[in-house]
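Novice: In case it helps, our numbering puts the sequence shown at residues 11 to 455. No residue lacks a Cβ here, since even glycine has one placed at the ideal position from N, Cα and C. After the structure tokens below, expect a handful of questions from me.
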Amino acid sequence: AGEQRLVQYSSLLVDIVFKGPPCFKQLRTASGFDMDELDQRLERAPSSLIATALNRELLELAVCPIVIRPIFFGARFVIVTAPALVAAANDLAAHKIARGLSTVVVTTATTGATAAGIRSYLQNAYNNWWIRPRYLLLMGDAELIPTHYPGANNSWDGVKNGGDQYYGQFGGGSTSVPLLGIGRFPVDTDAQAGRRRQGQGLRERPAELLQCLLRQLQLRGAVQDDDTNGVENRTFARTAEVIRAHVAGLGWNVQRIYRDSPTTSPTTWYDGVAVPWYLRKPTFPWNGATADVTAAFNDGRALFFHRDHGWWNGWGTPGFSTGNLAGVAVAGHEFPVVLSVNCASGIFDNEATETSGAGYSNAASVYWAESFLRKADGALAVIGDQRSSGSTINSDLAKGLVDAIFPNLLAYGPATTVRRLGDVLNAGKGYLTSLGYGAADQSRR
């Protein structure tokens, strides 16, 4: 230092010595193809499950000499399948792995065939696998893979509410938002499952992804004016218009298919806001029909949104039922995602004793959502209510779903687009939770 010389070295060899036992700490903030930014944020959050586990140190430390079975390393995507559908499940897994998503297939012979057994398997995977599951697909209809029935009977239907969110509610109650993004192929045969897998693969090809950039969206709804005084009695059309204004403002082409029921001249929305001039008769006819809906499906809309009445066999006004699906022939693999936010159009568990009989459903039938999904040229995915449900909570759910796909509709949630349907559904449920809906609303969900 006293000579004030600068010495340049062409290379340096540095030894770094770590103190402590011959182990390494497993970082819970992972990265790479199996983790996106949202996943990493979730991983950084403190885990109440780990904090209360007796073996919490073992969950965070991996001792070098231990030989671990490959399944322990886990996967981001878990497919739970009925044994009869395992060929289609393996085919889908190979497709997802080829696209960079770590995937594992497990049959109910391993998990157990009960809802409790399947959930126990998944919770163990979530707590202990090195690659923690993030998404779950249940491959099989309700008689092959059961759904879950929390609480008392639905107040309108006389049967219990049923749903799959139970399979991701680790450490939470019956109204908590699942920690997994969950979906189901409600199919009975390997051939039906294979068609669902092929539809997903075709829609994910680069050429088909480019078709999504056509930015086409279709909104279907009704103005319900029971006393025909021009004032909307339900939130249906108002919700659709709030959503339309937001999405159209983002540059999407949004087609309206609206109808009045009963016949009226709409002047005032449900919330007291005046209906704008361009939606008043005769400028806007309010005469949307079944043929318009069929034509929109066949024209290749990327996303459909429906807000009105519904039931097991389809939509209310304008009517679009299971029988109308025969007229749908989606061309060019432009299979739509359908947000069917209404009573009971999403039912898939009619084979279960909790729903069969009591005038609610027929175990031998295949209802609207199942039929649309099983159709080779039908829907890519359907998000819909399993049971009769309240108008206000459904409209709030609809806004939560759309806000996830098209951010900033609400002062809620992330400012970036949610692209995975399981996450979209969870975002909608999370918005309901933020509004205070809870256990008291289970019977009216």
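1) Give the DSSP-derived three-state secondary structure of Arg215 in the structure shown.
2) Is the beta carbon of Ile107 sitting closer than 9 Å to the one on Ala99?
3) In the structure shown, what three-state DSSP assignment does Thr427 receive?
4) Which of the three DSSP states, helix, strand or coil, is assigned to Leu111?
5) By the 10 Å Cβ neighbour count, where 16 or more other Cβ atoms means buried, how is Gly161 classified, buried or exposed?
6) Among all the DSSP beta bridges, which residues are the ones paired with Thr185?
7) Could you spell out where the beta strand (DSSP E) holding Phe314 opens and where it closes?
8) Which residue or residues does DSSP assign as beta-bridge partners of Leu102?
9) Arg269: which of Gly259, Ala250, Glu242 and Ala299 sits nearest, CA to CA?
10) Could you spell out the range, first to last residue, of the beta strand (DSSP E) harbouring Arg384?
11) Alpha carbon to alpha carbon, what distance is there between Thr118 and Lys409?
12) Go ahead and label Arg215 buried or exposed: buried means 16 or more other beta carbons lie within 10 angstroms of its beta carbon, across all protein chains shown.
13) Thinking just about the alpha-carbon of each residue, which of Ala306, Pro417 and Asp433 is nearest to the one in Ala389?
14) Could you name the residues of the same chain whose beta carbon sits closer than 8 Å to that of Asn252, not counting the 5 residues immediately before and after it, in chain order?
15) Quick check on the DSSP output: the alpha helix (DSSP H) that includes Gly127 runs from which residue to which?
16) Excluding the 5 residues preceding and the 5 following Phe195 in the sequence, name in chain order all residues of the same chain whose CB lies nearer than 6 Å to its CB.
17) If you check the beta carbons only, do Ser355 and Tyr377 fall under 9 Å apart?
18) Express the C-alpha separation of Leu289 and Arg244 in angstroms, rounding to a whole number.
19) Quick check on this structure: which residue in Asn164, Arg144 and Gly172 has the alpha carbon closest to the alpha carbon of Pro156?
20) Can you tell me whether Thr300 is helix, strand or coil according to DSSP?
21) Could you check if Val303 is buried or exposed, using at least 16 other CB atoms within 10 Å of its CB as the buried criterion?
22) Could you tell me which residues DSSP pairs with Gly394 in its beta bridges?
23) If you follow the alpha helix (DSSP H) that Val412 is part of, which residue opens it and which one closes it?
24) Please say whether Leu313 and Val347 have beta carbons closer to each other than 9 Å?
25) With distance defined between alpha-carbon atoms, name the residue in Val428, Ser275 and Ser165 nearest to Phe294.
26) Opposite Lys291 in the DSSP bridges: which residues?
27) Run through DSSP, which three-state label would Arg194 get?
28) Residues in its own chain within less than 7 Å of Gly127 by CB, not counting five upstream and five downstream?
29) Just list the residues that DSSP pairs Asp174 with in beta bridges.
30) Pick from Ala362, Glu380 and Asp387: whose alpha carbon is nearest that of Asp395?
31) Just grab the DSSP bridge partners of Trp325 for me.
32) Hey, would you say Thr277 sits closer than 9 Å to Val285, going by beta carbons?
33) If we count the other Cβ atoms within 10 Å of its Cβ and call it buried at 16 or more, is Gly342 buried or exposed?
34) Classify Tyr441 as helix, strand or coil using the three-state DSSP reduction.
35) Would you mind giving the Cβ-Cβ distance between Gly324 and Asp318, rounded to the nearest angstrom? I have them listed as a contact below 8 Å.
36) Nearest to Asp359 by CA position, among Leu22, Asp174, Val96 and Ala258, is which residue?
Specialist: To lay it out plainly:
1) Per-residue confidence for Arg215 stands at a pLDDT of 46, beneath the threshold of 50, marking its modelled position as unreliable; no derived number is given.
2) no
3) Taken through DSSP and simplified to helix, strand or coil, Thr427 comes out as coil.
4) coil
5) exposed
6) Thr185 is not bridged to any residue.
7) Judged by DSSP secondary structure, Phe314 falls within the beta strand (DSSP E) whose first and last residues are Leu313 to Arg317.
8) Paired residues: none, contrary to the question.
9) Ala299
10) Unbroken run through Arg384 is the alpha helix (DSSP H), Trp378 to Arg384; no beta strand (DSSP E).
11) Each residue's alpha carbon lies about 36 Å from the other.
12) Low local confidence applies: a pLDDT of 46 at Arg215 is under 50, so the model's placement there is unreliable, with the coordinate-based value given in what follows. Per the 10 Å Cβ criterion, exposed.
13) Ala306
14) Note that residue 252 corresponds to Val in the displayed sequence, not to Asn. Cβ within range, chain order: Lys409 and Leu419.
15) Per DSSP, the continuous alpha helix (DSSP H) segment holding Gly127 begins and ends at Ala125 to Asn138.
16) Met149, Ala203 and Arg206
17) yes
18) Roughly 17 Å between the two C-alpha positions.
19) Gly172
20) Three-state DSSP puts Thr300 in a helix.
21) buried
22) Ser350
23) Ser401 to Ile415
24) Result yes, Cβ atoms of Val347 and Leu313 sit closer than 9 Å.
25) Ser275
26) As far as DSSP is concerned, Lys291 takes part in no beta bridge.
27) strand
28) Thr121
29) DSSP, once it has assigned bridges, lists no residue as partnering Asp174.
30) Glu380
31) Gly320 and Phe330
32) yes
33) Exposed is the call here.
34) helix
35) Not quite, the Cβ-Cβ distance comes to about 11 Å (not below 8 Å), so this is no contact.
36) Nearest of Leu22, Asp174, Val96 and Ala258 to Asp359, Cα basis: Asp174.
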